[in-house]
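What follows is one structure encoded as structure tokens, with my remarks underneath.
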Amino acid sequence: MRTRQKRARRERGRRERGRRERGRRLAADAALLLLATAFALPLVWLLLASLDPGADLRVRAPSTLTGENFRAVLTDEIAFTPMLNSLLLCGGATAVTVVCAALAAYPLSRHRARWARPYLLTVLFTTCLPITAVMVPVYALFVRVELIDTRYGTALFMAASQLPFALWLTKNFMDAVPLVLEEAAWTDGASGARTLTRVVLPLMGPGLTVVTVYTFIQLWGNFFVPFMLILTPERLPASVSVYTFFGNYGSVVYGQLAAFSILYSLPVLLLYVLIARRLGGGFALGGAVKG
Amino acid sequence: MSATGGRWRWAPIAPATVLMLLFLGGPIGYCVWIAFTDTQLTGAAGADFVGFENFRRAFADDAFRNAVWLTLVFTVVSAVLGQNTLGLLLAGLMRGASRPVRSVTGSLVIAAWVLPEIVAAFLLYAFFRREGTLNALLEWLGLPAQNWLFTLPILAVSLANVWRGTAFSMLIYSAALAEIPRDVVEAAEVDGARGARRLWYVTLPMIRRSIGTNLMLNTLSTLSVFGLIWAMTRGGPGSRSQTLPVYMYDQALVKSLIGYGTAVALLLLVVGALFSVVYLRLMRVEL
Numbered sequence: 002m003r004t005r006q007k008r009a010r011r012e013r014g015r016r017e018r019g020r021r022e023r024g025r026r027l028a029a030d031a032a033l034l035l036l037a038t039a040f041a042l043p044l045v046w047l048l049l050a051s052l053d054p055g056a057d058l059r060v061r062a063p064s065t066l067t068g069e070n071f072r073a074v075l076t077d078e079i080a081f082t083p084m085l086n087s088l089l090l091c092g093g094a095t096a097v098t099v100v101c102a103a104l105a106a107y108p109l110s111r112h113r114a115r116w117a118r119p120y121l122l123t124v125l126f127t128t129c130l131p132i133t134a135v136m137v138p139v140y141a142l143f144v145r146v147e148l149i150d151t152r153y154g155t156a157l158f159m160a161a162s163q164l165p166f167a168l169w170l171t172k173n174f175m176d177a178v179p180l181v182l183e184e185a186a187w188t189d190g191a192s193g194a195r196t197l198t199r200v201v202l203p204l205m206g207p208g209l210t211v212v213t214v215y216t217f218i219q220l221w222g223n224f225f226v227p228f229m230l231i232l233t234p235e236r237l238p239a240s241v242s243v244y245t246f247f248g249n250y251g252s253v254v255y256g257q258l259a260a261f262s263i264l265y266s267l268p269v270l271l272l273y274v275l276i277a278r279r280l281g282g283g284f285a286l287g288g289a290v291k292g
Numbered sequence: 021m022s023a024t025g026g027r028w029r030w031a032p033i034a035p036a037t038v039l040m041l042l043f044l045g046g047p048i049g050y051c052v053w054i055a056f057t058d059t060q061l062t063g064a065a066g067a068d069f070v071g072f073e074n075f076r077r078a079f080a081d082d083a084f085r086n087a088v089w090l091t092l093v094f095t096v097v098s099a100v101l102g103q104n105t106l107g108l109l110l111a112g113l114m115r116g117a118s119r120p121v122r123s124v125t126g127s128l129v130i131a132a133w134v135l136p137e138i139v140a141a142f143l144l145y146a147f148f149r150r151e152g153t154l155n156a157l158l159e160w161l162g163l164p165a166q167n168w169l170f171t172l173p174i175l176a177v178s179l180a181n182v183w184r185g186t187a188f189s190m191l192i193y194s195a196a197l198a199e200i201p202r203d204v205v206e207a208a209e210v211d212g213a214r215g216a217r218r219l220w221y222v223t224l225p226m227i228r229r230s231i232g233t234n235l236m237l238n239t240l241s242t243l244s245v246f247g248l249i250w251a252m253t254r255g256g257p258g259s260r261s262q263t264l265p266v267y268m269y270d271q272a273l274v275k276s277l278i279g280y281g282t283a284v285a286l287l288l289l290v291v292g293a294l295f296s297v298v299y300l301r302l303m304r305v306e307l
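Structural data, given as structure tokens:
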């Protein structure tokens, strides 16, 4: 009798809790959906406008769907040349960044020296500096040494600007690769370079992919650096050409601009999906964030 | 311990070090130098050392003070209040939400973050324009519409920065909240701490390091926002959304006052450096 009462009370308690939990879940869902809508509106506009032959600045269903906007921007002048420029600039800079970061991270992760700690602290400190602030002196310096309006000069600066963070991240990934495997390779008579290429780098594959993709995403979207350092219109990357496209307000064809924006954003969105699982959680600023 | 030859084992750090010294150290050093000269865009050769003249001029200049004020407003509204609070709210709500809602919201917020800066600027320019979506929404709700980019430009660009930058805070706080042990939460519930009380006395103290990190990084990244503002308003109308980076660009490149513009850049760098030092201290980085 008593046990049954107790069981009934427990049962009621569980149902009560269950109801409270469901209520809480519904409230959370509703609040999140409201916020999600706010975040979605500009994105929805982009998608609809790109397919709308008479797009304006408002979210609305197109009267007819058309691929005309995409067809109109898929020309050498509007899409292909700027995208190719972006690829050259950011691809080159990414390659330089990742190679330099991987090389430098190796001894920093494996060997000890008294100056290694201040070196790494300086690198970490540089990661936090607002790079925007140095753009005016960089411009002045580039004019001085005649690097202004050159692709390689711009790419090298972009590489350097991403390097502190990439180096920091790579070092953290490298620290996670156990030393035992290398020691085994050394005992077998492998040289330092061989150990790096055959043992360490393959083990770091996923880590290096993250560094590479992250660096590329950052550079692909970078506007201020090429905006300052590249002058010739034919050399401008997509980030700046999109801007000049709608910077001349007046007679903008919004549908075409939306279509080009989508084409320009697509590579980084896809790349992000590729590394999203590893970027999850507090990764976003590597070891620095974990503290 | 190493099989590689003695001093050569440090050789691999040379390329990275040279690159950073040339392209980051160089400009920063150059920045410190020309901030004290009267360098102009055309006559770089004939620059004279003018001491603190550029700084004196900056602090006496209304436009500069306006830019400092707007930078402060922009940073507090978009980074401290906007991204930080909204990120925590999103992360908190997501813990109690159902799976599909959680993943849809997460994807949308992150998409806004991954999108290139200039595309984000274009989208929000469209959103805030007189004939844009926000006004359409307000009219539908029976509220008065207005030209946001004209009447409240600094608010519009701040909200744009919230839209764009909240994902970072959301990710940090999601990770931090996931690390709070379940029994602590349960113990607090048993003691009768619910809702706001639990948030204030249990959750926030437990994630205070993440809050510090997040505030610092949000502030630093917001301090250097240029493209978003430039593309949405060009600092205007007038100078009503002209934050320090935009002011710096305007003085140095539009008005050709490189020396003066660089002095502003140096001030921005110093503020950033101070924040960075506090941040590194806060993290008590261990190497």
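So the protein lines, in turn, are chains A and B.
Residue numbers for the first sequence follow this note's numbering, so the first one is 2 and each next one is one higher.
Residue numbers for the second sequence follow this note's numbering, so the first one is 21 and each next one is one higher.
Glycine included, each C-beta is placed from N, C-alpha and C at the ideal position.
Quick caveat: nothing in here was measured; it's all calculated off a predicted structure.
Burial state of residue i, where buried means 16 or more other Cβ atoms lie within 10 Å
i	result
A/Asp-53	buried
A/Thr-188	exposed
B/Thr-186	buried
A/Glu-147	exposed
A/Trp-221	buried
A/Leu-183	Correcting the residue type first, residue 183 of chain A is Glu in the shown sequence and not Leu. A/Glu-183 should be labelled buried.
A/Val-100	exposed
B/Phe-72	exposed
B/Met-21	At B/Met-21, the pLDDT of 44 sits below 50, so the modelled position is not reliable; the number obtained from the coordinates is stated separately. It counts as exposed.
B/Leu-294	exposed
A/Gln-6	exposed
A/Ala-289	Bear in mind that a pLDDT of 38 at A/Ala-289, under 50, signals an unreliable position, so the model cannot answer this.
A/Ala-106	buried
B/Thr-105	exposed
Helix, strand or coil at residue i according to DSSP, with G and I counted as helix
i	result
B/Phe-84	helix
B/Thr-57	strand
B/Leu-69	The residue you asked about is not Leu; residue 69 of chain B is Phe in the sequence shown. Strand, per DSSP.
A/Gln-6	helix
B/Arg-260	coil
A/Asn-86	helix
A/Ser-192	coil
A/Ala-285	Caution applies to A/Ala-285, whose pLDDT of 44 falls short of 50 and renders its modelled position unreliable; the value that the coordinates give is listed next. Helix.
B/Ile-138	helix
A/Val-100	helix
A/Asn-223	coil
A/Gly-14	helix
B/Ser-123	helix
A/Asp-53	coil
B/Asp-211	coil
A/Glu-78	helix
B/Phe-246	coil
B/Ala-285	helix
A/Trp-116	coil
A/Lys-172	helix
B/Ile-227	coil
B/Gln-166	coil
A/Arg-59	coil
B/Ala-173	The question names Ala, yet the displayed sequence has Pro at residue 173 of chain B. Residue state, collapsed to three classes: helix.
A/Val-146	coil
Neighbourhood of residue i by C-beta distance below 7 angstroms, restricted to the same chain and skipping five residues each side
i	result
B/Thr-59	Ala-67, Ile-278, Gly-279
A/Arg-18	none
A/Leu-275	Val-214
A/Leu-66	Leu-52
A/Ser-110	Lys-172, Met-175, Asp-176
Contact set for residue i: own chain, Cβ-Cβ below 6 angstroms, skip 5 residues either direction
i	result
A/Glu-22	none
A/Val-241	Pro-227, Phe-228
Beta-carbon gap between residue i and residue j smaller than 8 angstroms
i	j	result
A/Trp-169	A/Leu-122	no
B/Val-129	B/Met-190	yes
A/Val-200	A/Met-175	no
B/Ile-174	B/Ala-251	no
B/Ser-244	A/Pro-165	no
A/Ser-266	B/Leu-135	yes
A/Gly-256	A/Ala-94	no
A/Leu-127	B/Leu-44	What sits at residue 127 of chain A in the sequence shown is Thr, not Leu. In contact: A/Thr-127 and B/Leu-44 (Cβ atoms closer than 8 angstroms).
B/Tyr-221	B/Ala-111	no
B/Thr-223	B/Thr-91	no
B/Val-182	A/Ala-37	no
Spatial neighbours of residue i in its chain, beta-carbon cut-off 8 angstroms, leaving aside the 5 residues before and after
i	result
A/Thr-233	Asp-150
Within 7 angstroms of chain B by C-beta, residues of the stretch 58 to 85 of chain A in sequence order:
Result list: Leu-58, Arg-59, Val-60.
Name the residues in the stretch 131 to 153 of chain B whose C-beta lies less than 7 angstroms from a C-beta of chain A; which are they?
Taken in chain order, the members of the stretch 131 to 153 of chain B whose beta-carbon sits within less than 7 angstroms of a beta-carbon on chain A are Ala-131, Ala-132, Val-134, Leu-135, Pro-136, Glu-137, Ile-138, Val-139, Phe-142, Leu-143, Leu-144, Ala-146, Phe-147, Arg-149, Glu-151, Gly-152, Thr-153.
What are the residues of the stretch 212 to 239 of chain A that lie near chain B, defined by any Cβ-Cβ distance shorter than 9 angstroms?
Only Ile-218, Trp-221, Gly-222, Asn-223, Phe-224, Phe-225, Phe-228, Met-229, Ala-239 from the stretch 212 to 239 of chain A bring a Cβ to less than 9 angstroms from some Cβ of chain B.
What are the residues in the stretch 158 to 184 of chain B lying within 8 angstroms of chain A by C-beta distance?
So the list reads Trp-183, given in the order they occur along the chain.
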